[in-house]
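One structure below.
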Amino acid sequence: MKTILSVLLIFIFGVTYSQSTISGTVVDDSGLPLPGANIIIEGTSTGTVTDFDGGFVLTSNQNPPYTVQASSVGFSSLNLEVTADNQVLNFVLVEGTSLDEIVISASRTPERIFESPVTVERLGLKEIKNTASADFYGGLANLKGVDVNTNSLTFKSVNTRGFATFSNNRFMQLVDGMDNSTPALNFPIGNLVGMIETDVQSVELLPGASSALYGANAFNGVLFMTSKSPFDHDGISAFYKQGLTSQEFKGDNNYTDLGLRMAYKFSDKFAAKVNFGYLKGTDWGANDYRGKPGTGATGTRADTGYDGYNVYGDEIAQNIRGLAGVGIVPDVVVSRTGYNEDDLTDYNAESVKADWAFHYRPWASDFEIIYQGKIGTGTTIYQGSNRYNIANFKQEQHKIEFKNDNFFFRSYVVSDDAGDSYDMTITAHQINRAWKSDGDWFTEYIGTYVGATLGGATDAQAHAAARAQAESGRLLPGTPEFKAALNRSINDPSLVTGSKFQDASKYYHSDANYNFSHLIDFAEIQVGGSYRKYKLNSSGTIYTDADSGIDYSEVGFYTQIQKKLLDDKLKLTGSVRYDKSELFDAFFSPRLSVGYTLGENDNHNIRASVQTGFRNPSTQDLFIGLDAGFYYLVGSAESNLSRFSQDFPVSSSGQALGVPATITQTGEAPYFNSYTATSVSNFGASLNPVDLEIANPELVKPEQITSFEVGYRGKLDKVIVDLSVYYNQYKDFLANQFVISPYYGTVGDNSLSIAAIANGDRKVYQTYTNSKAPVNSFGGSIGASTKVFGNFDLNTNYTYAKEDFDKEKYPDFRTSFNTPEHKVKVGFGNTNLFENFGFNVAWRWSDTYLWQASFGDGQIPAYHTVDAQINLRVPSFKSTFKAGATNILGDEYTSAIGTGYVGSMYYVSWTVNNL
Amino acid sequence: MKTKYIWLLLLALGFIACDSDDDSSDGDMTETLPALTAGSANLSKYVSLGSSITAGFSDGALFTAAQQNSYPNILATQFSLAGGGSFTQPLMNDNTGGLLAGGNQIAPNRLVVIGLEPPVPLADVIGPVTPTTDLFVNNPTGPFGNMGVPLAKSFHLLAPGYGNIGNLSLGLANPFFVRMTGSTPDASVLGLAMAQAPTFFSAWIGNYDVLDYALKGGDETISAITPSDGPPGVGFDQTYGAIIATLTSGGAQGIVANIPYPTDFSHFTAVQYNVLDPTNPAFGPLIPTLNGIFGQLNQVYAFLESQGVPNATERQIVFSETENSGVVIQDENLVNLSAQITGVLNASPTFPAFVESFGLPAAAAPLVANLFGIYYGQSRQSNENDLLPLPASSIIGTVNPDAFAFLMSQGLPAELAGQFSVEGISLPLEDKWVLIPSEQGEIKTATNNFNATIQAMASQAGLAFVDANAIVTELKTSGIASGDFIFTADLISGGAISADGFSLTSRGAALFSNGMMLAIDDVYGSNFEASGNLVNVGDYPTNYSPLLP
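Quick note, the sequences are listed as chains V and X, same order.
Position one of the first sequence corresponds to residue 1 (my numbering), numbered consecutively onward.
Position one of the second sequence corresponds to residue 1 (my numbering), numbered consecutively onward.
Okay, structure coming up:
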């Protein structure tokens, strides 16, 4: 707070000294002013941006003559000579195409998209300003090849090229070079602790593997968000967005999103900025009460074993005949009555974030030292194996960076605090147990069932009577007793009695990169490296770190050579990266790409690349030890196996075999003494021990991908086309396998272990391993954009994605491809339909697809959605007013099983001084 | 000029079209089953023949609720979906199960189950029961599709006068059939069935030909197994042949079921041979005394064996104080050692003193020795090869009034007479309470013979056939899964066998009906199974409330 205050004081009282002043305007070729264009004195870092009317004033201590460059995204840049003080410069910029935009991510060096060696997408200032989505992050959904899965209102999960759940640790998100993933979860929580809209300079998205440059986890893709430098963009800008979310289930709710950016350039040497963002709304309520597949014929509570997607507590289920062992008790699974998700959360969606940065250029040159801090706290819903109410979650990042045009070194720390987060599924279990233990509940159920049957009831009548009796004493939502039990559970971090998450994990990361291009001529050579150290600390609520924290580290080095040949028409790029995690063998990941520009006007570019990627098992894959209700998640790091330990009661039949009343299983059980879950259910049906298959999954190791890609970019008359086709080969696919460990006996012994299975003396585990199944995927995308009817922007793209996997051969393996085979997106807009008025409409269609995730599987129906906005610029107030709506058709949809249906959002916003 | 972007729109529109295609195919997820057909079967007039289970007898009695869930009625209900006509049953007047003849109760009330405890008579739960079905008063009017007559054996189906009230007192009529004969008191069961000109029949005939003997503990003085040989009306084979020939004479189609081994029923397996529990306070404290008394007898057996009587020591009786013990039974296959026992005891110099220890004068020793001889001449303790029918459980440990009266008449004091009249402990269980291995063998042989006849006749006549014997055996061994249930042959808890231990629960009847429909599908090309018209067993109860009006 002190820091912020002092910065504010500097803004107010700061004084600068100037010697020479020039001024002017920047307009486009139709005479419209271009706000936000960059004005820079060539060869210096002295510059400014144009204001709302396209005007600028630049003061410098440079003496004429010198050259001033004006550039704006989407326009060709223009240089003008300054020959005298107080000269007026009027720039007229010619609109370029999206292919001329500059990206950095694809080769870690600036280059035009047109000649980038791999597929890369960019969301520039123009797109961000004109997006019809409620925020820029949502606008990513309009890019080709991009899937945005809506976890909740404020937590959207971005992915490319398939294989994503909400815990998408195959996809990387870098904010100003910092990995934004949450230490506890291993993936970024959308933009919850990301960037505010008015601070966004550009967003680049690199689909596909790129471990050669970005190391582990740059596997499915990388999202780069870059903020505005206070040197280039100073002043105060802000936005305020007010609207409502409308959903059939939760009705209409207010939605507020505001952001404030304050940047000030004190001198050529020092600049600083502070950003603040606040969002409050109501999340999409999840009311998919359909029973999960296999839990009953009707999919309603009428099924005895009903387990509704968004009903929790009903995962606690037993085969009552297995418990009772008599013929009048049916051979069916009966589940406890659960509570709707709606009863377990208030669906508050909130985010407060702030970040600040101090930029120092000690020699007023390109050498810069940056300290950047970010802190965000938020409340949202995350869906992993269960649904979690992430409440008052905090994430903090601090970075120090040294850089010039040729190198950077940055070091940062990311830490989190789970706040008041809790597992909604387990909460329901605990509330249920608060009024009746599972044992008592099933005893009463069976007792009543038997009594009713002997009293003449039919099966259905007996079940009804049994449930009615077992439910006696149930805490009803809305009562003070229910609320008390809920609060007790969500404030209790004990795994046995509560459902609160505790986490205060961290990782430290350092990156360095040096570009030798200013020293070596024959090719552009870069070298770099990174180091990361994880410090897990969940007090035993996520990881097996109840007794002590878990530390481990990873290190990597890379180099890249880029060479242009044949008159710069041919561009060859080769990269290789070495990575070593403390826990695994070292990896080399190479990348080779070739790009060739052809055509009379250099209008066509073809590219081909082979890239490799790898993904280290996440901290959860390695060190989790979590009770997911009816099964345990146990990570497969070697040291984790002994740290995980649970006691289980043995049935009376088991005790009759001489087994003690309680046994202890460690993490070794699922990995060294287990049957596959599928084979146990087959055995349950056939009672033939031959059907039992030993699982004993191997301990997890990194997953690898080799990606082949060819692509084309070109300007066909006025149509810009970008297409790519890829083929991905995965090896050692990281996978979860459900296994069942008997409490006694050794799997394959054909006696005791089978007795344990038959007696129900067994536990289900989700293990983390690598699939032996070969998994491939392929796909492609084509995008085309053009101007129609004069100055209307029309862009359309189509994405195809398909996995290639032998399901019959590996029935237990779930790939979680989770991606539609076909996606079509069309955008249509005009930034200047008439004076100062623009609009944009975005239509997206997604094919149906199978969603597979630990929370639940199911078919996602095809859906389409339309977002639209109109905006009015009022230059006199430096303001833009925007009114928009997302999902304007109101056809609610989900992109995953278990999340709330996405309804419509209507908003108006006022943005000030966002250049 | 504008053609260059039209293709972009076309591309987009193309996928909108895909969208709607996918929607329509997604919606069609429900599986449609084929329509029900009777195949070649003509189900328009269905008549069922059989005995207790066919009649809907359950829980040891015939009562309305269980009759409505008799397997013939379940079948008729399903048949009605495939061209079957109406089906009537001679329903009782109430749900007590009791049957009156002129106000006198001649058939007991039904059994009921409270908790998972052994079945008890209805009156034990709800107090005095007043049955209202009186065959002098309120007999139903036929003809009846369900011609199943409780307790009927094969030859009864041919017997004229089996339903004549006048024959009741002679023991030649069956009161349940008396209710059904109406204005033709001398008509036979088969005759009344044929009078309805059935197009389709079910016949589960022959159960009582073996079961009755088993139910009577193999006591031939009460009930004998029907002989295989002999003319129609006497021997099973020809009787059965005549019945099938008559039933099919008009071209009727049908289904027959064979006879389960009676000993597979829980009636014979529910009571363990070693039912005497030392922890039972009414029995345990007596064990030392009893062993003292039987010690005298055991010495006699030992002496007799030493004198060349083979295997006499196998008859020795010892009650364990730690484990359950077998009951004392009468085994008519044993050589009668009455005279030898009496002789040895009389010759024993210590026996008078033993007699005196019971407070009897030493002079009574010959009398007691004589009684020992009468009592234990053919006795032994039961072992794992013996089966005790269900009712034995309520007899064992009780004082047999006849024995008590006899001992009193012999001059024993009441207390002593009582002590020596305890069923299965001091008084060997009579033949009718035990199925000894030889009796079990007879039953099995007869069942096998009858079943061979049934199967031969069925295949000769081209009838559908249900292996009821295999079904009951499967119930007893592995259990049978149907619907949500895995039935077993266990009494009460198994779900298929009613409280009497030898007839079906209504849910068991549903299970059996499904078995019959499968057999009909097989032979006549109907599709009860494929069309989803088998019944859901869970819709039928296993038991009936004591309070059922």
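Glycine included, each C-beta is placed from N, C-alpha and C at the ideal position.
By a beta-carbon distance limit of 8 Å, GLU81 (chain V) does not contact GLU892 (chain V). Their separation comes to about 59 Å.
Residue nearest to LYS476 (chain X) within the set X:GLY494, X:LEU170, X:ASP467, X:ALA197 is X:GLY494 (criterion: CA-CA distance).
When CB distances to chain X are screened at a threshold of 7 Å, the residues of the stretch 311-340 of chain V falling below it are ARG321, VAL326, GLY327, ILE328, PRO330, ASP331, VAL332, in chain order. For ASP500 (chain X), no beta strand (DSSP E) run applies, since DSSP gives it neither H nor E. With a threshold of 16 other beta carbon atoms within 10 Å, GLY313 (chain V) meets it and is buried. If you draw a 10 Å sphere on the C-beta of ILE369 (chain V), you find fewer than 16 other C-beta atoms in it, and that means exposed. Taking ASP804 (chain V) as the centre and dropping the five residues before and after it, the same chain places the C-beta of VAL775, ASN776, SER777, PHE778 closer than 8 Å to its C-beta, in chain order.
Cβ neighbours of VAL222 (chain V) within its own chain (closer than 8 Å, five residues either side excluded): SER105, PHE171, MET172, GLN173, LEU174, LEU205, LEU206, SER210, TYR214. Assigned with DSSP and collapsed to three states, LYS403 (chain V) falls in strand. In this structure, ASP722 (chain V) sits near ALA784 (chain V), with a CB-CB distance shorter than 9 Å. Residue contact check for ASP857 (chain V) against chain X: no CB pair falls below 9 Å. Sequence-distant partners of GLN729 (chain V) (beyond 5 residues in either direction) whose C-beta falls short of 6 Å from its own C-beta, in its chain, are THR706, ASN776.
Exclusion of the five residues before and after LEU534 (chain X) leaves ASN514, MET517, PHE528 as the residues of its chain whose Cβ lies within less than 7 Å of its Cβ.
When CB distances to chain X are screened at a threshold of 9 Å, the residues of the stretch 675-697 of chain V falling below it are LEU687, in chain order. With respect to the C-alpha of ASP264 (chain X), the residue from X:VAL112, X:SER52, X:THR447 having the closest C-alpha is X:THR447. The bridge partners DSSP lists for HIS359 (chain V) are V:ALA271, V:ILE370.
In the DSSP assignment, PRO175 (chain X) falls within the alpha helix (DSSP H) that extends over 175-181. Put simply, the CB of ALA496 (chain X) is near chain V, with a gap under 9 Å to one of its CB atoms.
For VAL189 (chain X), the uninterrupted alpha helix (DSSP H) segment begins and ends at 189-194. Counting of Cβ neighbours within 10 angstroms places SER679 (chain V) among the buried residues, the total reaching 16 or more.
Under the three-pair Cβ rule at 8 Å, the stretch 558-570 of chain V counts as touching the stretch 516-534 of chain V.
Residue pairing by DSSP places PRO649 (chain V) opposite V:THR662 in a beta bridge. When secondary structure is reduced to three states using DSSP, SER876 (chain V) falls in the helix class.
Excluding its 5 nearest sequence neighbours in each direction, ASN139 (chain X) has C-beta neighbours in its own chain below 6 Å: ARG179, listed in chain order. Residue burial is scored here from C-beta neighbours: ALA197 (chain X) has fewer than 16 other C-beta atoms within 10 angstroms and is therefore classed as exposed. Shortest Cα-Cα distance from GLY856 (chain V) to any of V:VAL311, V:ASN487, V:ALA685, V:ASP342 involves V:VAL311. For GLY456 (chain V), the chain X residues whose C-beta falls within less than 7 Å of its own C-beta are PRO541, ASN543, TYR544, SER545, LEU548, listed in chain order. Exclusion of the five residues before and after ASN73 (chain X) leaves GLY56, GLN67, PHE87, GLN89, ASN146 as the residues of its chain whose Cβ lies within less than 8 Å of its Cβ. Its Cα nearest to that of HIS267 (chain X), the residue X:TYR213 stands out among X:PHE450, X:PRO232, X:TYR213. No Cβ of chain V is located within less than 9 Å of the beta carbon of LEU122 (chain X).
Closer than 9 Å to the CB of ALA134 (chain V) there is not a single CB belonging to chain X. Between the stretch 162-170 of chain V and the stretch 76-90 of chain V, the count of Cβ pairs shorter than 8 Å is below three; the stretches do not touch. With respect to chain V, the C-beta atom of SER493 (chain X) has a partner C-beta closer than 9 Å.
Listed in chain order, the non-local C-beta contacts of HIS604 (chain V) below 6 Å within the same chain comprise LEU598, GLY714, local neighbours out to five positions each way being set aside. At a cut-off of 9 Å between beta carbons, THR453 (chain X) makes no contact with chain V. For the 9 Å CB-CB criterion, GLY254 (chain X) and VAL434 (chain X) do not form a contact.
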